[in-house]
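Input: a single structure, listed below in structure tokens.
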Amino acid sequence: LVKNVGVCNYGPTLLRQCKDALAKKGVPLASNQIGYSLIGRHNGAQETLDVCKELDVQVLAFFPFAMGLLTGKYTSSCSSNAISEDTLTSLTRSKKTKLEENDLRRYAVGGGKTIPNGGVGPLLKVMEGVAQAREKTIAQVALNYIICKGAIPIPGARNKEQVLDNLGATGWRLTEEEITILEQEADKLGFGFEGAGFKRTSEKFVGYGVEKWRLD
Numbered sequence: 001l002v003k004n005v006g007v008c009n010y011g012p013t014l015l016r017q018c019k020d021a022l023a024k025k026g027v028p029l030a031s032n033q034i035g036y037s038l039i040g041r042h043n044g045a046q047e048t049l050d051v052c053k054e055l056d057v058q059v060l061a062f063f064p065f066a067m068g069l070l071t072g073k074y075t076s077s078c079s080s081n082a083i084s085e086d087t088l089t090s091l092t093r094s095k096k097t098k099l100e101e102n103d104l105r106r107y108a109v110g111g112g113k114t115i116p117n118g119g120v121g122p123l124l125k126v127m128e129g130v131a132q133a134r135e136k137t138i139a140q141v142a143l144n145y146i147i148c149k150g151a152i153p154i155p156g157a158r159n160k161e162q163v164l165d166n167l168g169a170t171g172w173r174l175t176e177e178e179i180t181i182l183e184q185e186a187d188k189l190g191f192g193f194e195g196a197g198f199k200r201t202s203e204k205f206v207g208y209g210v211e212k213w214r215l216d
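58 is the number that our numbering gives to position 58 of the sequence shown; each next residue is one higher, with no gaps.
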């Protein structure tokens with residue numbers, strides 16, 4: 001009765017075990033949903049994506065915008081080095097809780113022990129340059145990066161404008177040089193996206209408490 005199976009937050013070890021177990025029943029492992037973005041390639045995410053490619057398992061990437069950080073919203077609204085309006089996106093108007101906003105602004109401007117001053121600002125300026133050259137938004141660059149890495153991003157969309165903005169990430173591809181520049185700039189930040197508020201990349205609240213996982 002089962003044609004295929006999709007899983008969520010399975011790292012390389014569980015993926016191999018799951019694929020082998022399903023293969024014995026003649027059922028393919030079709031997809032694996034993980035947190036993945038330009039600043040979310042750490043903590044086993046990139047390794048998991050690589051193994052998924054090896055096993056022919058499609059990766060579905062949640063938090064593709066790092067909860068808005070990779071749209072320019074938080075840097076543009078609280079920094080003197082603002083992002084140009086024409087490279088922003090309608091997604092910057094999505095609502096967040098106060099706790100989420102506080103965490104996201106910390107990522108945006110830095111100043112803490114783990115996030116240097118400037119936060120994601122240096123990366124966003126590079127993304128803005130790519131976006132302007134391509135006549136795209138920063139968010140479209142963020143989504144296209146994920147597509148180029150072989151994953152399917154899962155962006156949010158609350159209205160027609162946002163749907164159209166998301167669609168603008170398709171039909172073209174970043175060059176290998178652009179991808180390398182973006183990754184190098186992201187790595188220079190010295191930190192990765194872990195989530196904000198109660199929405200985390202490696203844990204979630206469930207009926208009995210907090211469920212945590214590792215992509216290993």
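Yeah, the Cβ is synthetic: ideal placement off N, Cα and C, and Gly gets one too.
For residue i, does the count of other Cβ atoms within 10 angstroms reach 16, so buried, or fall short, so exposed?
i           : result
residue 102 : exposed
residue 198 : exposed
residue 149 : buried
residue 80  : Any reading at residue 80 must be qualified, since the residue scores a pLDDT of 43, below 50, and its modelled position is unreliable; no value is offered.
What does a CB cutoff of less than 7 Å around residue i pick up in its chain, not counting 5 residues either side in sequence?
i           : result
residue 185 : 122, 123, 126
residue 196 : 67, 100, 103, 104
residue 115 : 106, 107, 191
Compute the beta-carbon to beta-carbon distance between residue i and residue j, rounded to the nearest angstrom, for a pair I have assumed lies under 8 Å.
i          : j           : result
residue 67 : residue 99  : Incorrect: roughly 12 Å between the Cβ atoms, too far for contact.
residue 69 : residue 151 : That belief does not hold up - the Cβ atoms of residue 69 and residue 151 are roughly 18 Å apart, past 8 Å.
residue 63 : residue 31  : Not a contact, Cβ separation roughly 16 Å.
residue 52 : residue 22  : With a Cβ gap of about 14 Å, residue 52 and residue 22 do not count as contacting.
Which one or two residues does DSSP pair with residue i in a beta bridge?
i           : result
residue 211 : 204
residue 29  : 5
residue 153 : 61
residue 147 : Residue 147 is not bridged to any residue.
Here's a check: name, in chain order, each residue in its chain whose Cβ is nearer than 8 Å to the Cβ of residue i, leaving out the five neighbours to either side.
i           : result
residue 13  : 216
residue 214 : 11, 43, 44, 202
residue 55  : 15, 16, 19, 29
residue 210 : 203, 204
Using three-state DSSP, classify residue i as helix, strand or coil.
i           : result
residue 121 : helix
residue 196 : strand
Chain C beta carbons: is any one of them nearer than 8 Å to that of residue i?
i           : result
residue 114 : In summary, chain C is missing from the structure at hand, where a single protein chain is found.
Please indicate yes or no: does the CB of residue i lie closer than 7 Å to some heavy atom of the ligand COA?
i           : result
residue 138 : The ligand content of the structure shown is nil, which means the ligand COA is not present either.
Excluding the 5 residues preceding and the 5 following residue i in the sequence, name in chain order all residues of the same chain whose CB lies nearer than 6 Å to its CB.
i          : result
residue 60 : 31, 33, 152, 154
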